[in-house]
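Working notes, structure below.
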Ligand SMILES: [Zn+2]
């Protein structure tokens with residue numbers, strides 16, 4: 001099964017990144033029937049060696065650190081005995097007023113709150129895995145390699161200090177990366193880094209593919225997107241017809 005990527009589970013936030021709690025509950029019920037979830041950190045050595053996650057291990061990830069994670073996603077996952085890894089924008093640990101200016105079409109003034117430093121620490125202490133989503137959620141491709149390394153190194157230090165353990169997994173903001181970004185992630189001390197392909201992409205330890213789940217994705221779409229080989233099917237060269245069919249079924 002592919003590694004899954006969510007952002008927000010909230011009621012009535014009409015944005016592609018936000019899933020209604022009832023839909024997320026359906027996803028979790030299907031997952032719980034399939035097997036066990038593990039935090040990304042449990043498979044990072046394997047991913048860092050360039051291997052895919054083991055077949056039996058399902059991995060859920062969340063990006064951005066929205067506070068609705070605590071209100072909706074965590075209680076639902078607890079009910080279904082699932083776990084996940086949250087990727088936090090580290091600067092928000094130091095600056096609670098950090099504007100959420102990275103959601104397309106969203107006025108930062110209308111953005112839902114991010115988790116506070118105390119909430120992230122509490123979550124980690126309760127056994128929930130945390131990773132880095134960079135310092136400020138910039139498109140890392142627009143930075144130089146040294147600027148990327150500084151951004152990724154600093155975010156790793158802030159989170160490691162906060163949590164009292166080495167944070168070694170990274171999710172690229174927007175899933176965007178390039179040669180120099182991947183090199184910077186390795187130089188900054190990460191074991192592996194997660195992408196979010198929207199087209200054909202060569203997988204590797206610093207380009208671990210994930211499948212994004214979005215608003216309106218119900219049980220049928222979820223089943224399609226969590227099939228083994230979904231990404232290969234959707235993004236392999238020459239799979240245009242399959243890709244169009246899948247896009248029609250899933251809406252993405
Ligand atoms: Zn993000």
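Numbering (UniProt numbering), first residue to last: 1 to 252. Note that beta-carbon positions come from the ideal geometry of N, C-alpha and C, so glycine has one too.
For residue i, the nearest candidate out of the options (CA to CA)
i           : options               : result
residue 89  : 183, 18 and 137       : 137
residue 158 : 100, 95 and 192       : 95
residue 15  : 92, 42 and 110        : 110
residue 87  : 23, 160, 147 and 35   : 160
residue 36  : 3, 11, 21 and 68      : 3
residue 77  : 23, 97, 13 and 184    : 23
residue 187 : 34, 57, 150 and 122   : 150
residue 61  : 91, 99 and 172        : 172
residue 9   : 113, 164, 152 and 228 : 113
residue 256 : 230, 179 and 169      : Summary: the structure shown does not reach residue 256, with the chain confined to residues 1 through 252, and so no result is reported for it.
residue 70  : 98, 99, 118 and 53    : 118
residue 130 : 57, 13, 100 and 166   : 166
residue 40  : 68, 234, 13 and 5     : 5
residue 92  : 105, 133, 125 and 68  : 133
residue 105 : 126, 211, 125 and 13  : 13
residue 56  : 97, 126, 19 and 1     : 1
Between the CA atoms of residue j and residue i - distance to the nearest angstrom
i           : j           : result
residue 177 : residue 195 : 7 Å
residue 145 : residue 116 : 29 Å
residue 175 : residue 107 : 21 Å
residue 225 : residue 209 : 13 Å
residue 189 : residue 207 : 15 Å
residue 82  : residue 154 : 30 Å
residue 215 : residue 85  : 20 Å
residue 228 : residue 163 : 34 Å
residue 217 : residue 66  : 19 Å
residue 156 : residue 148 : 12 Å
residue 231 : residue 198 : 10 Å
Contacts around residue i, its chain only, beta-carbon distance under 6 Å, and the 5 residues preceding and following it disregarded
i           : result
residue 46  : none
residue 80  : 28 and 32
residue 7   : 17, 63 and 64
residue 102 : 137
Coil, strand or helix - residue i by DSSP
i           : result
residue 226 : coil
residue 66  : strand
residue 208 : strand
residue 114 : strand
residue 199 : coil
residue 193 : strand
residue 131 : strand
residue 144 : coil
residue 98  : coil
residue 120 : helix
residue 76  : helix
residue 57  : coil
Residue i: CB within 7 Å of a non-hydrogen atom of ligand 1
i           : result
residue 13  : no
residue 64  : yes
residue 137 : yes
residue 173 : yes
residue 133 : yes
residue 128 : no
Neighbourhood of residue i by C-beta distance below 8 Å, restricted to the same chain and skipping five residues each side
i           : result
residue 204 : 50 and 182
residue 222 : 26, 27, 30 and 213
residue 74  : 123 and 128
Beta-carbon contacts of residue i that lie in its chain and below 7 Å, excluding the five residues immediately before and after
i           : result
residue 202 : none
residue 185 : 152, 170, 193 and 206
residue 44  : 168, 169, 191 and 192
residue 219 : 26 and 30
residue 53  : 3, 43, 46, 47 and 59
residue 99  : 108
residue 21  : 9, 11, 72 and 76
Residue i at chain B interface by Cβ criterion, 8 Å
i           : result
residue 222 : The structure shown contains no chain B, having only a single protein chain.
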